[in-house]
Structures are given as C-alpha cells and as structure tokens.
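Just so you know, the sequence shown maps onto residues 264 to 499 in my numbering.
Even for Gly, the Cβ is constructed at its ideal location relative to N, Cα and C.
Being a predicted model, the structure only gives us computed values, none of them experimental.
Reviewing the structure listed below.
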Amino acid sequence: MTAVHQGEPSKLAIFAMVVRRSGPHLIEATIVPAVLFYVCLLAAGLGAAYIAALSWSYAALARRVVGRDPVPPILVIGVIGITVRTLVAVISRSSFVYFFQPVLTSVAMGGVFLVSVAIGRPLIATLAHEFWPLSPEVAARPRVVRLFRRLTLLWAGVNLASAALTLGLLVSLPLGAFLAVKQLSGLGLTAGAVCLTVSMALRTARREGLHAAPVPSPLPLLAALPELLPYEQLAV
C-alpha cells in the first residue's frame, strides 16, 4: 500500500474494473443457466429445465478442466449448489423445494457474517487477507478495522435481504414471473452493495492515505466478490 496520487481511479472506474473482472463469470455461472432454465421450463417442462441448467453448468466446468484453465470460484459454487438442489428437488418432487434451498443457505451465510462480527473477527478481514497482502500495521489501523466490520455487516444484510426478497417472490408469484423478477432484483441488490462497498473502501483508503498501487483491483475485498454474493445470486 502506498500514498495516494492524482492518478487514483474514480469510483466509476473501480466499479468498471469489478464488472470486467466478475461480470463474465457471473453471466456464465448464473444468468445463462437461469435463462436456459426459464426457456426450457416454458418449452418442455420442469424436467427439461433441470437438465438444461445442469448440463450448462457441468459443460462450463468441464471446458475449463479439459483446457487446464483457471476455474472461477463462482462457477464451482454454482455447480455444487445446482447439483445438490436438483437432487433434493427430484427426490422431493417439488419445484418449491428447488428454489427454497438457496434461501436457507443465504440466511446461514448472513448469520456467519454476523457471528464473525460478534466474536471480533469480521469475515471481510479474513477474505481480504486471502486475496490481497495486507501488512499487520495497515490491517490493525482503527479505520481499516472499522471498515472491515462495517462491510461484514453490510454483506450480512445483503444476504439476509436477498433471502427475504427471494422468499417473498417465491410465495407470491408464478414460477415464470418469479425467475425473471428474482434475477433482476437480485442483480440490482448486488450491484448496489458493490457500489457501496467501493465507496466505503475508497473513503477509508483516502483518509488513511492509502491506495492499492500495482494491481488492477483497487482494494483487497473486491477480489473476494464471488465469495460475498448472496447464494441466490449464484443459483438458478
């Protein structure tokens, strides 16, 4: 971490970096299988929708494994999630169960974020250290500690709000409308949370006279974006 200079990227530029970095993976792991699920549901029924979403996810994973390309964490999470959900839904013979499972997972993730704050070890701080080298001196600064705590609370709220929103849509809308509204509302909620994350992180960096110099992503927590997303946003 070095002193801030006049060439520091703007919030818009940083958000564009996040979109460029995570956007293609998010589209591949969530939006494409959701569209396939919706189209097949309307055209051929629920069974075909399950198969189409599963086939796309496994094909995307296999393409990277065969080509020895890096596998994005968001794709791994998506494949595991859709596999478990499909098995449970098929065994229970309930489409409601298929879409309700991610709600429980997001509630659990929100609880994990909250507990991490309660015990004095905000989860964002752990993710930051995994994805970006922070010196103990910088990580221990009061403003940085407060940032990690506030961002952990923010993403706890995002997960819980996403779970509540998804459940409300699931019980009030027909399946076709639920799929469309869920994707749009989920992306909007996540985009708003990312913008707020960028804003809070930049404000702290400027007050501390810090910025992330040589790497395109401006702050460590942005590299952990796939691990922060509400689980419903990673699932069809």
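Could you give the DSSP three-state label for residue 357: helix, strand or coil? Here residue 357 sits in coil by DSSP.
Give the straight-line distance between the Cα atoms of residue 327 and residue 386, rounded to the nearest whole angstrom. Approximately 29 angstroms, taken between the alpha carbons.
Residue 390 versus residue 467: straight-line alpha-carbon distance, rounded: The alpha-carbon atoms of residue 390 and residue 467 are separated by roughly 17 angstroms.
Anyone know if the C-beta pair for residue 335 and residue 429 falls short of 8 angstroms? Residue 429 is positioned such that its CB atom lies no closer than 8 angstroms to that of residue 335.
Could you spell out the range, first to last residue, of the alpha helix (DSSP H) harbouring residue 448? Taken as a continuous stretch (DSSP letters only), the alpha helix (DSSP H) holding residue 448 covers 438-471.
Given 8 angstroms, three or more beta-carbon pairs between the stretch 371-387 and the stretch 439-455: Inter-segment contact for the stretch 371-387 and the stretch 439-455 is absent: fewer than three beta-carbon pairs are separated by less than 8 angstroms.
Answer with buried or exposed for residue 464, where buried requires no fewer than 16 other C-beta atoms within 10 angstroms of its C-beta. Under this definition residue 464 is a buried residue.
Can you tell me whether DSSP reads residue 311 as helix, strand or coil? Secondary structure of residue 311 (DSSP, three-state): helix.
Indicate the three-state DSSP secondary structure (helix, strand or coil) for residue 379 in the structure shown. Taken through DSSP and simplified to helix, strand or coil, residue 379 comes out as helix.
With a threshold of 8 angstroms, are at least 3 pairs of Cβ atoms found where one atom belongs to the stretch 405-421 and the other to the stretch 449-456? The stretch 405-421, when compared against the stretch 449-456, does touch it at the 8 angstroms Cβ threshold.
In angstroms, rounded to a whole number, what distance separates the CA positions of residue 319 and residue 312? Each residue's Cα considered, the two are about 11 angstroms apart.
So residue 342 and residue 321 are supposed to be a Cβ contact under 8 angstroms. How far apart are they, rounded? Taking 8 angstroms as the upper bound for CB-CB distance, residue 342 and residue 321 are in contact here, some 7 angstroms apart.
What do you reckon, are the CB atoms on residue 235 and residue 470 nearer than 8 angstroms? Any answer about residue 235 is impossible in this case: the structure gives the chain only from 264 up to 499.
If you draw a straight line from the C-alpha of residue 400 to the C-alpha of residue 302, how long is it? The alpha-carbon atoms of residue 400 and residue 302 are separated by roughly 53 angstroms.
Could you check how far apart the C-beta atoms of residue 370 and residue 426 are, in whole angstroms? I think they sit under 8 angstroms. Indeed, because the Cβ distance is near 5 angstroms, the residues count as touching under 8 angstroms.
Quick one: what's got a C-beta closer than 7 angstroms to residue 295's C-beta in the same chain, skipping five residues either side? Cβ within range, chain order: 319.
Closest by C-alpha distance to residue 363, when choosing among 351, 374, 373: For the set 351, 374, 373, the Cα lying nearest the Cα of residue 363 is the one of 351.
How big is the Cα-Cα spacing for residue 317 and residue 340? In a straight line, the C-alpha of residue 317 is about 13 angstroms away from that of residue 340.
Please say whether residue 450 and residue 441 have beta carbons closer to each other than 8 angstroms? Result no, Cβ atoms of residue 441 and residue 450 do not sit closer than 8 angstroms.
Where does residue 379 land, buried or exposed, given buried means 16+ other C-beta within 10 angstroms? With at least 16 other beta carbons inside 10 angstroms of its own, residue 379 counts as buried.
Do you know offhand how far residue 460's Cα is from residue 414's? Straight-line spacing of the CA atoms in residue 460 and residue 414 works out to 7 angstroms.
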